[in-house]
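Here the sequence shown stands for residues 63 to 366, numbered as in the working numbering.
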Amino acid sequence: MQADIVSSTMLIFCVCALLVSVCQSLPLVGWIQSPGYPHGYGSDISETWRRCAPPGHVLSLRLLHLDLEESYECENDALKIFEDHNLLANLCGRMTLEELQSSVNPSLRSSSGGCLSLTFQSDYSNTERHAGFKAFYTTQDVDECWENDVVCSHFCHNYIGGYSCSCKPGYYLDEDQHECRANCTEERYGAGVLKSPGSPGPYFENADCLFSLSVDEGNQLELKFTGVFDVESRDGRCVDFVKIKTDTETFGPFCGKKRPADILTAAQHIKVIFHSDLEGTNQGFSLEYKPKGRILKELLVVHC
């Protein structure tokens, strides 16, 4: 008996949760109309309606009928429509559906997650009967990937109620969840060849790489740039660059098309730093590194 009650309770909970999920995914729709529509509104009316879109959605309003008293700047009877605190329309008189569709309705749209407010007012008297207004509102999902204020470095993916960014292979998504950075930090030991990220093609944009190179104690790292050297520069200044740092010395920054000379670092551990900006199609660099024995100063002094 107790088990049946628990099972029934769980079933009811699951059904309710499913209904809530379905309802949240459905668009918000409804009608707004002036008091007494279409038989005519009374005098001295002041009424406001406010409808809001959920996050990741916009609320749009479509006026289907407008018949109010005509007056200068709509100072007698009026329908005012606001997007939050911005006045979108101040309407009175008579307009056909075609006129509303062409001149008014396209602008009656909230921002993402924003609200629309309608305020209807009538003065103390009307010389003839006016039907009033009727409007239909609905919400639609926003395709944030097409919005001007949404920027993903590489790829943008829209889904109902939001969006997400993703990156090309070899990149990772930064903490801001919008910018893609090259995944190019690593440690190496011994001898080898270090190439710019993206090789053999143009190197990755928006890269801040840190390569740590080490050799056995008693050796120093010998560096040699080989092949094509092509790192973006502009007006003699490095836009992108390669820089080599030891504990006591810095070599570079290197850029342009002239291959740097060989470097004997006099260091067991070095860091190779590579930086690139957000654009460019340069080919990058290839750097050979290997250990080279070094003569200790103490032995050199004794020998002398």
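Backbone N, C-alpha and C fix where the C-beta goes; we use that ideal spot for every residue, glycine too.
If you draw a 10 Å sphere on the C-beta of proline 322, you find 16 or more other C-beta atoms in it, and that means buried. Contact annotation: phenylalanine 273 and phenylalanine 347 have beta-carbon atoms that are not nearer than 8 Å.
When the Cα atoms are used, aspartate 302 and serine 338 turn out to be separated by approximately 4 Å. Per the coordinates, the alpha-carbon of histidine 147 lies some 38 Å from the alpha-carbon of cysteine 229.
Note: leucine 121 is bridge-paired with Thr201 in the DSSP secondary-structure output. With a contact defined as Cβ atoms closer than 8 Å, valine 293 and phenylalanine 316 qualify at about 7 Å.
Per DSSP, the continuous alpha helix (DSSP H) segment holding glutamate 160 begins and ends at 159-165. Here DSSP, grouped into helix, strand and coil, assigns proline 100 to coil.
When the beta-carbon positions are compared, leucine 130 and glycine 194 come within less than 8 Å of each other.
Closest in alpha carbon position to valine 212, among Val91, Gln239 and Ala197, is Gln239. By the beta-carbon neighbour count (other beta carbons within 10 angstroms, threshold 16), tyrosine 233 is buried.
The Cβ-Cβ distance between serine 184 and tyrosine 103 falls below 8 Å.
Per DSSP, serine 179 is one residue of the beta strand (DSSP E) stretching across 177-183. In this structure, threonine 247 sits away from serine 179, with a CB-CB distance that is not shorter than 8 Å. Residue state for serine 169 is assigned as helix, using DSSP reduced to three classes. Every beta strand (DSSP E) of 3 residues or more that sits fully in the region 189-276 is shown, in chain order, as 194-203, 217-221, 224-228, 233-235, 242-244, 247-251, 254-257 and 270-276.
Rounded to the nearest angstrom, the Cβ distance from glycine 175 to glutamate 145 is 12 Å, too far for a contact under 8 Å. Beta-bridge partners assigned by DSSP to asparagine 281: Gly355.
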